Amino acid sequence: MKVLAALLLSLSLRGPQAAPKLPTPQAHPQRQGAPKGGQWYFAETGHAVYCYGPVRIVQQPDGDLQRVATFCQGDKLIVPLKD
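Residues in the sequence shown are numbered consecutively from 1, following our numbering.
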């Protein structure tokens with residue numbers, strides 16, 4: 001009986017076991033690989049687009065030159081610009 005009482009007493013006095021530490025959430029999580037800064041441009045469609053990359057001039061299949069903004073918000077890599 002004394003052994004049982006001693007076992008129960010030792011289990012209850014052991015204290016809390018260390019719980020695994022959870023990673024602390026960041027205050028402002030950032031997307032990986034997203035460049036900082038950008039600029040608004042007026043697209044050929046008449047909409048404003050926000051792009052991170054430089055403006056380039058590309059040659060059209062018919063030989064004309066077209067200004068395009070690169071790396072725009074959303075999943076658009078190249079957006080033709082209105083001159």
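Ideal placement from N, C-alpha and C gives every residue a C-beta, glycine not left out. This one's a predicted model, so the numbers in the text were calculated from it and none came from an experiment.
Endpoints, beta strand (DSSP E) assigned at residue i
i, result
"residue 65", "65-70"
C-beta atoms of residue i and residue j nearer than 8 Å
i, j, result
"residue 43", "residue 53", "no"
"residue 55", "residue 72", "no"
"residue 78", "residue 65", "no"
"residue 60", "residue 51", "no"
For residue i, the three-state DSSP class (helix, strand or coil)
i, result
"residue 77", "coil"
"residue 22", "coil"
"residue 82", "coil"
Residue i - partner residues in DSSP beta bridges
i, result
"residue 58", "66"
"residue 50", "40"
Straight-line gap, residue i to residue j (C-alpha atoms, nearest Å)
i, j, result
"residue 63", "residue 82", "18 Å"
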